[in-house]
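Numbering follows the numbering used here, in which position 189 of the sequence shown is assigned residue number 180; successive positions increment by one, without gaps. Even glycine gets a Cβ: it sits at the ideal position worked out from N, Cα and C.
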Amino acid sequence: MRSLGIVSGRGSQLLLSSLSRCLLQEYIDISINFRGGTVMLKCRSRDLNHRKRSDQVSEHRSVSAWNHKVAFLLRFPRGLISLNTSVSYVVEPLPVATDTPSPPPHAVYRAESLRLRNGSCPHHHGNEEHEDSLDRFIHGMMTEHTARVSSLPPKKVLGLKPPFEKHGLDLDRTRRKLLEAANLVDKYYRALNIRVALIGLEVWSNRDQIAVSDNPYSMLAAFLAWRRKQLRALPNDNAQLITGISFQGTTIGLAPLKAMCSDYQSGGVNADHAKSAVGVAATMAHEMGHNFGMSHDGPGCCQARPEDGGCIMAAATGDPFPRVFNGCNQRELSRYLSSGGGKCLFNLPNTRAMYGGQRCGNGYLEDGEECDCGDEEECTSPCCNANNCTLKAGAECAHGVCCDDCKLKSPGVQCRAPSGSCDLPEYCDGKAESCPANFYLVDGVGCGGGRGYCYTGMCLSLEQQCRSLWGADGHPAPDLCFERVNKAGDSFGNCGKDLLGKYRGCKERDAKCGKIQCASSAMKPIETNAVSIDTTVVQGNEVILCRGTHVYQPGQEGAGQGDTLDPGLVMTGTKCGADSLCFEGQCRNASFLRAGECSAKCHGHGLCNNYHNCHCDSGWAPPLCDRVGPGGSVDSGPVISRGETPCHPLVPSSPNQLKVIPNQL
């Protein structure tokens, strides 16, 4: 390497010297492992068919014990090497003329050197010489919870216009920064057993597809509406917008809470406030964390030192950038998933749509592979050959809940039980090693004995939300509490914010879609960073205590909930009256979701699932539940009797092929 930043310490210099040799030879993956006092730096490249590979191994002693792997993206490798939670190095190519031979000189420096100016909640500073802000992108990604399934769901990325020439930007540089950020977000989420894989990347280089402003609320509303319209063209679980515009105030991102997988709300907007992709990745990981149900860290949650970046879900970010989640985040994520949230995270990914190319050893089952258990250093499967992604002799399968001791489970074995009244069971089909996609009842179906509606696989009711906020004895306050408190239009009583970011007072019809009002004997709400807002209402001779919830940012008293939509509001999809549910702060007739219209085709013997196919009651056969059969749907359900012709699922049960999609770039 012609130019390399020198890091103090002889061991680090030796390590970086070997790293430079890897980069000069344009190796694709670099894995670094500590074994008995020796750091093993392994550079690996693969030919186009991803079967043969060449290895170069270097050994260095007297380097701190650590074990990590770095994937460098594209033609000019770059990435983040984490020795532990407190020591990290950034590797990136230096700016060079476009005709400079490949590879360019690289710089290696401590991540702590990524210093930001002017406070801990940074904006884009507009310095054209030093900040290659990406005048706007949308980044969507796909996630999967690997603790319960061996696959990933999809997410998408896009980029907006305003003139790239102003900052000397081009499409290749824009793509590279987005891909680097996506790679880092995936790295951060692996600690939570979640993989984040990019399935789409768009740069709006000609004109913006949404109305753009410095108001994060209007930007988020416009972006989520745009995403909803694009879902059929490129299905995704979550989408993130990255913009070069500085938002008003100290906001650098905004996202709905507990919205992962929602057709209407799964996404966020992020300001590109730093030169390095590490800063963009930290903000995206934070906003996605809100989608996953994570609140801002409360006192005692983060054990990482501030000088090392602190934690990803801190209320404010600064220098250096955070890179770790903590135990509080893990518990909140677990509660969200166990309550029925994030249903799409348990689906197999369509690897054909994944962005970036096929590779044996990436943990994804792709075209031509019989299995993929990760890199040789990571693979623990007794059924799979990690060096060429083939099954071992006698093995029928290697991964998945429908694979047991390298053999496929019998057809009809339940592989995923319903998590609640709005979820549906899935069964092994005897052919695929993985469980079918996770199906649940279509949004708008009644549940909870008529007290709620199904929405994104959860049975949402005021009763359920009060219990989650206040504990077991929490229950909704009388209607008068909602009407009196929420008409105020202030931070303690409202129906959300308008597109200008101002609180909206609730109309009487919408009062149950504003700040939730509960009754409880508890001292305070159990949610992180939450305090009770108690209001006394008098009706005749009766005095009623109305208990609201206010979520604050630690260290920023009065700042409100910051970069997430208020968790003290009634959740979207919650029943607010007869045949009505909350949507965007309004109590709307549930018919707009068309659940009844869809289920009408099931002849009274079933209900629609989230793919708008009938899930038939036991004794009736799909697809329309109009003849005798075993129940279930064309997507999942009990195995048919011998001799019957099987219904083919509409969603592939084993997405084992991959190709790069053009994404209109």
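Quick check: is the beta carbon of residue 397 nearer than 8 Å to any beta carbon in chain D? Among the chains of the structure shown, chain D does not appear; only one protein chain is present.
Around the Cβ of residue 704, are there at least 16 other Cβ atoms within 10 angstroms (buried) or fewer (exposed)? Within the shown structure, residues of the chain are numbered from -8 to 656, placing residue 704 beyond reach of any answer.
Distance check for residue 406 and residue 420, CA to CA, integer angstroms please. 10 Å
Proximity of residue 232 and residue 214 at Cβ, strictly below 8 Å: yes
Could you tell me which whole alpha helix (DSSP H) segments of length 4 or greater appear in the region 191 to 278? 207 to 221
Strand pairing of residue 600, partner residues [DSSP]: 432
When the Cα of residue 416 is compared with those of 460, 276, 465, 607, which residue comes out closest? 607
My output table needs one value for residue 183: the three-state DSSP class, helix, strand or coil. coil
Could you tell me which of 202, 161, 212, 196 sits nearest to residue 487, measuring between CA atoms? 212
From 394, 273, 323, residue whose alpha carbon lies closest to that of residue 311: 273
Just to confirm, are residue 208 and residue 490 a CB contact at a threshold of 8 Å? yes
What residues match up with residue 566 in a beta bridge as DSSP calls it? 572
For the alpha helix (DSSP H) that residue 476 lies in, which residues bound it at each end? 470 to 477
For residue 558, which three-state DSSP category applies? coil
CB contact flag (residue 284, residue 332, <8 Å): yes
Using CA atoms only, rank isn't needed, just tell me which of 460, 434, 441 is closest to residue 524. 460
Give the secondary structure of residue 324 by DSSP, where H, G and I count as helix, E and B as strand, and everything else as coil. helix
Given this structure, state the Cα-to-Cα distance separating residue 388 from residue 617, to the nearest angstrom. 36 Å
Would you be able to state if there are at least three C-beta pairs under 8 Å between the region 522 to 538 and the region 235 to 245? no
Under a three-way DSSP split, which group does residue 606 fall into? strand
According to DSSP, which residues form a beta bridge with residue 592? DSSP lists no partner for residue 592.
Identified DSSP bridge partners for residue 417: 407
For residue 167, write down the residues that DSSP places opposite it in a beta bridge. Paired residues: none, contrary to the question.
When DSSP builds the beta bridges, which residues end up paired with residue 376? 381
Per DSSP, what are the beta-bridge partners of residue 611 in this structure? 619
Would you call the region 322 to 338 and the region 390 to 399 in contact, with 3 or more CB pairs under 8 Å? no
From residue 450 to residue 197, what distance separates their C-alpha atoms? 43 Å
Option nearest residue 437 by Cα separation, candidates 412, 423, 295: 412
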